[in-house]
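Keeping their order, the protein sequence lines are chains A and B. Sequential numbering of the first sequence, starting at 2, is according to our numbering. Sequential numbering of the second sequence, starting at 2, is according to our numbering. Ideal placement from N, C-alpha and C gives every residue a C-beta, glycine not left out. Here the structure comes first, spelled out in structure tokens, and everything after it is commentary.
Protein chains: 2
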Amino acid sequence: MLIKPAMNLEQVSPKKVSDFIFDRLEEAIILKEFMSDEQLPSERDLATIFNASRITVREALARLESLGLVEKRVGAKGGTFVLPITRNSHLRNRDEMRRNWDSMIEVFEYRMVVEPGAAYLAAQRIKKAELQQLRDYVTASIEPDCSREAFRSIDVRIHLSVAKASGNAYFDHAVRQIRTKINPALDLMPYSDRVKVNNYEAHRDLIAALEAGDADRSRDIMYRHIEHSAEAIRARVFADESFED
Amino acid sequence: MLIKPAMNLEQVSPKKVSDFIFDRLEEAIILKEFMSDEQLPSERDLATIFNASRITVREALARLESLGLVEKRVGAKGGTFVLPITRNSHLRNRDEMRRNWDSMIEVFEYRMVVEPGAAYLAAQRIKKAELQQLRDYVTASIEPDCSREAFRSIDVRIHLSVAKASGNAYFDHAVRQIRTKINPALDLMPYSDRVKVNNYEAHRDLIAALEAGDADRSRDIMYRHIEHSAEAIRARVFADESFED
DNA sequence: ATATAAGGTATAGACCTTAAACCATTTAAT
DNA sequence: ATTAAATGGTTTAAGGTCTATACCTTATAT
Chain A
2 MLIKPAMNLE
12 QVSPKKVSDF
22 IFDRLEEAII
32 LKEFMSDEQL
42 PSERDLATIF
52 NASRITVREA
62 LARLESLGLV
72 EKRVGAKGGT
82 FVLPITRNSH
92 LRNRDEMRRN
102 WDSMIEVFEY
112 RMVVEPGAAY
122 LAAQRIKKAE
132 LQQLRDYVTA
142 SIEPDCSREA
152 FRSIDVRIHL
162 SVAKASGNAY
172 FDHAVRQIRT
182 KINPALDLMP
192 YSDRVKVNNY
202 EAHRDLIAAL
212 EAGDADRSRD
222 IMYRHIEHSA
232 EAIRARVFAD
242 ESFED
Chain B
2 MLIKPAMNLE
12 QVSPKKVSDF
22 IFDRLEEAII
32 LKEFMSDEQL
42 PSERDLATIF
52 NASRITVREA
62 LARLESLGLV
72 EKRVGAKGGT
82 FVLPITRNSH
92 LRNRDEMRRN
102 WDSMIEVFEY
112 RMVVEPGAAY
122 LAAQRIKKAE
132 LQQLRDYVTA
142 SIEPDCSREA
152 FRSIDVRIHL
162 SVAKASGNAY
172 FDHAVRQIRT
182 KINPALDLMP
192 YSDRVKVNNY
202 EAHRDLIAAL
212 EAGDADRSRD
222 IMYRHIEHSA
232 EAIRARVFAD
242 ESFED
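In structure tokens form, the structure reads like this:
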């Protein structure tokens with residue numbers, strides 16, 4: 002006898018245009034497509050980009066502003082500017098993750114399946130230009146003048162590029178979603194030579210495996226890389242000390 | 002030097018409440034939570050379930066009706082009823098999949114990563130009641146009086162239950178999404194004893210592995226099961242003959 | 001015939017979005 | 001000092017969507 006699963010009753014509410022715009026801009030800031038002090042396109046340009054009215058764009062920007070992600074300045078040379086992450090927002094992030102650690106674990110579990118899968122496919126399909134782009138990112142990440150924020154931004158781009166090189170929109174989207182969830186946690190990490198070198202070596206080895214078209218090795222390297230990353234985040238979130246680096 | 006990725010300009014449009022309701026009902030029908038000739042809840046009940054107005058529910062139902070998924074009848078004993086899949090819609094589905102085979106391949110690739118991952122986690126966490134539910138499903142699926150449609154419905158429920166047993170909302174959601182994409186293809190499959198037995202054995206072995214808490218074996222069985230399924234779909238979609246069984 | 005349970009329809013008000021115009025502020029060029 | 005340009009800030013009118021409520025129509029069972 003078949004038992005019908007209960008009708009999945011979900012409270013739906015309309016997703017407004019301003020919600021979409023807010024989500025996209027928040028994601029862009031979290032993924033560091035815009036870095037600190039960088040200016041977003043003007044309200045008028047954003048309206049054109051998103052094919053929306055200026056008022057609707059302003060509603061999305063107002064939400065970003067109320068979250069402390071951006072700041073507006075009027076006048077010529079004015080505009081909407083991305084605010085740097087403050088020590089306070091760091092601590093708030095950490096507490097939020099401590100309180101909600103179970104949901105972080107869910108993201109990690111998903112990531113450990115999805116990103117190695119993306120690397121596996123990418124090894125079979127990545128194009129020369131994409132490999133070169135990856136190499137440029139990795140090279141830039143190990144330069145001595147690479148700022149902490151630039152380093153974090155490059156790290157995101159490397160992982161998103163591998164997902165894109167998988168040639169599969171599902172992996173691309175999933176990695177983007179995962180990264181948007183965990184990037185605030187990664188921003189908590191210290192910025193030491195040891196971290197830089199560890200990351201450099203993992204990314205370098207991954208690129209070598211991708212270049213060799215070795216899908217299994219690419220997958221394994223990615224798996225170990227993000228396994229290590231998850232453990233480092235866990236240690237950091239539950240560390241007693243506060244953050245100074 | 003860092004090169005900024007181009008601003009991802011996407012045309013956003015508001016997602017209306019009726020869109021959400023339409024999506025959920027369409028999904029429920031595709032996943033065979035409602036079977037042929039079954040009655041959906043009344044418009045008034047759906048409005049309560051989704052916390053929306055009746056007019057909005059009617060808009061969603063009108064779209065379902067225009068797609069030929071449901072039919073409305075007025076009067077007492079009237080209501081909204083799920084229509085059976087016709088031979089024509091079968092052929093349309095097949096042609097659509099032939100034309101858009103690349104996007105089917107993307108779903109299969111994603112599925113081969115996500116569902117084995119879900120099975121791996123489920124083996125470590127599945128509860129006694131969930132195992133019993135799975136056993137009941139599998140038993141029902143091999144009964145001689147199990148209709149073709151009931152068989153397909155049970156198949157869906159087994160895979161969704163495993164995803165749910167992973168205890169991870171990301172896997173749960175992803176498997177749902179994947180299944181909604183490929184279920185129309187699975188509906189094209191013949192309903193022979195050979196198919197029934199193959200499915201039965203794969204599901205039986207999977208449950209045994211889950212019950213043993215053997216994560217690696219659960220993952221491998223799931224992988225081979227859906228690899229076989231993808232190949233069977235490919236053969237069916239590109240078969241010359243039309244469908245009689 | 002009548003009651004009942006559905007779908008079918010109509011109206012008014014609240015909210016969201018667009019388009020277009022205009023105001024206010026700041027900077028750089030003149 | 002004046003002015004032009006670029007930006008955010010504001011207003012208004014028109015149209016679309018959603019809610020709430022009420023009432024109409026159809027078909028079945030009693």
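query	result
Own chain residues within Cβ distance below 6 Å of residue 226/B, not counting five before or after	203
Distance CB(residue 179/A)-CB(residue 108/A) smaller than 8 Å	yes
Proximity below 8 Å, CB of residue 22/A to CB of residue 71/A	no
Beta-carbon gap between residue 45/B and residue 55/B smaller than 8 Å	yes
Chain A contact residues for residue 15/B, given Cβ-Cβ distances below 7 Å	15, 16, 17, 18
Interface positions of the stretch 197 to 227 of chain B facing chain A (Cβ-Cβ less than 7 Å), listed along the chain	none
Rounded separation between residue 28/A and residue 223/A - CA only	23 Å
Which of helix, strand or coil DSSP assigns to residue 75/A	coil
Best match in 50/B, 150/B, 61/B for proximity to residue 87/B [C-alpha to C-alpha]	150/B
Cross-chain neighbours of residue 122/B in chain A, by beta carbon under 8 Å	110
Buried versus exposed, by CB contacts within 10 Å (16 or more), residue 266/A	Look at the range of chain A in this structure, 2 to 246, and you will see that residue 266/A is not part of it.
Residue 43/B vs residue 80/B beta-carbon contact at 8 Å	yes
Rounded C-alpha distance that separates residue 219/B from residue 170/B	19 Å
Residue(s) in a DSSP beta bridge with residue 248/A	Nothing in the structure corresponds to residue 248/A, since chain A is present only between 2 and 246.
Residues near residue 247/B in its chain [Cβ-Cβ closer than 7 Å; skip 5 each side]	No answer is possible for residue 247/B: the residues shown for chain B start at 2 and end at 246.
Supposed close pair residue 131/A, residue 162/A - CB separation, criterion 8 Å	6 Å
CB contact below 8 Å: residue 82/A versus chain B	no
Where the alpha helix (DSSP H) containing residue 13/B begins and where it ends	First-last for residue 13/B: undefined, no H or E at that position.
Rounded straight-line distance, which links the Cα of residue 91/A to that of residue 34/A	19 Å
Neighbour flag for residue 176/B against chain A, beta carbons, 8 Å	no
Between the CA atoms of residue 129/B and residue 206/B - distance to the nearest angstrom	17 Å
C-alpha gap between residue 141/B and residue 85/B, whole angstroms	21 Å
8 Å Cβ cutoff, residue 89/B in contact with chain A	no
Exposure of residue 41/B, with buried meaning 16 or more beta-carbon neighbours within 10 Å	buried
Neighbour flag for residue 107/B against chain A, beta carbons, 8 Å	yes
Distance CB(residue 216/A)-CB(residue 176/A) smaller than 8 Å	no
Endpoints, the alpha helix (DSSP H) within which residue 57/A is located	55 to 67
is_contact[residue 22/B, chain A] using C-beta, thresh 8 Å	yes
With 16 other Cβ atoms within 10 Å as the buried cut-off, status of residue 96/B	exposed
Any chain B beta carbon closer than 8 Å to residue 238/A	no
Where the alpha helix (DSSP H) through residue 86/B begins and ends	Element bounds for residue 86/B: n/a, residue is neither H nor E.
The stretch 50 to 82 of chain B: positions lying closer than 8 Å to chain A by Cβ	50, 51, 52, 53
Of the listed residues 103/B, 93/B, 19/B, 14/B, nearest to residue 51/B (C-alpha basis)	19/B
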